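Take a look at the structure below.
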Amino acid sequence: MKYSEGLHFNPYLLRIVTVVAIAFSLNSCSSKPADCIKLIGMINEGQTLVVNLSPKLDGKTTQQLSEELNSVAKEIETLTIKDKPLQTFQKNSTQQFKDLSNSLKQLTEALTIAEKAPVTPEGKKQLLAAQQNVQEAGEKAKQIASNNEVLFKELVDYCPKKKP
Numbered sequence: 023m024k025y026s027e028g029l030h031f032n033p034y035l036l037r038i039v040t041v042v043a044i045a046f047s048l049n050s051c052s053s054k055p056a057d058c059i060k061l062i063g064m065i066n067e068g069q070t071l072v073v074n075l076s077p078k079l080d081g082k083t084t085q086q087l088s089e090e091l092n093s094v095a096k097e098i099e100t101l102t103i104k105d106k107p108l109q110t111f112q113k114n115s116t117q118q119f120k121d122l123s124n125s126l127k128q129l130t131e132a133l134t135i136a137e138k139a140p141v142t143p144e145g146k147k148q149l150l151a152a153q154q155n156v157q158e159a160g161e162k163a164k165q166i167a168s169n170n171e172v173l174f175k176e177l178v179d180y181c182p183k184k185k186p
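Residue numbers (the working numbering): 23 to 186.
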């Protein structure tokens with residue numbers, strides 16, 4: 023008896039293998055658009071936080087925004103991205119949100135010092151130093167946010183457009 027005589031052709035097995043092969047090929051072809059959607063969605067979430075909370079920047083709100091942006095950075099960092107250029111966008115976006123979070127943390131510290139400065143000559147010195155720190159941290163945060171917008175536009179340009 024030959025080895026092949028004991029084997030029976032199973033048409034259902036062939037169909038299953040074919041469906042699985044097609045699914046894997048479609049998944050590999052669609053990974054870039056799917057990765058784009060995931061990454062754009064997370065970056066958009068961070069930018070929305072900045073837009074919604076920026077007008078209300080006091081010490082507490084700034085601290086909250088800093089913490090939330092740090093969480094967004096961690097979420098972006100943990101995304102599974104297959105496309106190499108998108109991985110670069112992911113890395114850069116993660117770093118920008120971490121940097122923005124750190125700038126806002128510095129801003130929070132300066133605002134807290136300014137809010138708690140006593141009405142004394144020493145308090146006046148603390149207030150002036152805090153105002154300088156607020157200005158510097160604010161400018162740094164503004165620059166990072168601007169860079170983030172540029173990176174986001176580059177990402178949108180890189181990602182495939184939806185067909186009508």
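Yeah, the Cβ is synthetic: ideal placement off N, Cα and C, and Gly gets one too.
Remember, it's a predicted structure, so these values are computed and weren't measured experimentally.
Please list, in chain order, all residues of the same chain as residue i whose beta carbon is under 6 Å from its beta carbon, the five residues on each side excluded.
{"i": "Lys120", "result": "Ala95"}
{"i": "Cys181", "result": "Cys58"}
{"i": "Leu48", "result": "For Leu48, the predicted model reports a pLDDT of 42, less than 50, meaning its position is unreliable; a value from the coordinates is still stated below. Answer for Leu48: no residue qualifies."}
{"i": "Leu75", "result": "Thr83, Leu87"}
{"i": "Glu97", "result": "Met64"}
Excluding the 5 residues flanking residue i on each side, which residues of the same chain have their C-beta closer than 7 Å to its C-beta?
{"i": "Ala132", "result": "Ala152, Asn155, Val156, Ala159"}
{"i": "Leu149", "result": "Ala136, Ala139"}
{"i": "Asn114", "result": "Leu173"}
{"i": "Pro107", "result": "Tyr180"}
{"i": "Gln118", "result": "Ile166, Asn169, Asn170, Leu173"}
{"i": "Gly68", "result": "Leu91, Val94, Phe119"}
{"i": "Ala45", "result": "Its pLDDT being 42, under 50, Ala45 is placed unreliably in this model, and the coordinates cannot settle the point."}
Whole angstroms is fine: what's the gap from residue i's alpha carbon to residue j's?
{"i": "Asn170", "j": "Ile65", "result": "9 Å"}
{"i": "Phe111", "j": "Lys127", "result": "24 Å"}
{"i": "Lys54", "j": "Glu144", "result": "58 Å"}
{"i": "Asp105", "j": "Thr134", "result": "43 Å"}
{"i": "Leu61", "j": "Gln85", "result": "25 Å"}
{"i": "Lys146", "j": "Thr116", "result": "38 Å"}
Let me know if residue i comes out buried or exposed under the rule of 16 or more other beta-carbons within 10 Å of its beta-carbon.
{"i": "Ser168", "result": "exposed"}
{"i": "Gly63", "result": "exposed"}
{"i": "Thr102", "result": "exposed"}
{"i": "Thr130", "result": "buried"}
{"i": "Thr100", "result": "exposed"}
{"i": "Thr142", "result": "exposed"}
Tell me which same chain residues have a C-beta within less than 8 Å of the C-beta of residue i, skipping the five on either side of it?
{"i": "Leu71", "result": "Leu87, Glu90, Leu91, Val94"}
{"i": "Glu176", "result": "Phe111"}
{"i": "Asp179", "result": "none"}
{"i": "Gly81", "result": "Thr130, Leu133, Thr134, Glu137"}
{"i": "Gln109", "result": "Ile103"}
May I ask you to check if the CB of residue i is nearer than 6 Å to at least one heavy atom of the ligand PLP?
{"i": "Glu90", "result": "What this structure holds is no ligand at all, so the ligand PLP is not there to describe."}
What first and last residue would you give for the alpha helix (DSSP H) that runs through residue i?
{"i": "Cys58", "result": "53-75"}
{"i": "Ile166", "result": "143-180"}
{"i": "Lys104", "result": "That residue, Lys104, is in no alpha helix (DSSP H); it is neither H nor E in DSSP."}
Quick test of the definition: if touching needs 3 or more C-beta pairs under 8 Å, does the segment 147-162 touch the segment 116-132?
Yes: the two stretches touch, three or more of their Cβ pairs being nearer than 8 Å.
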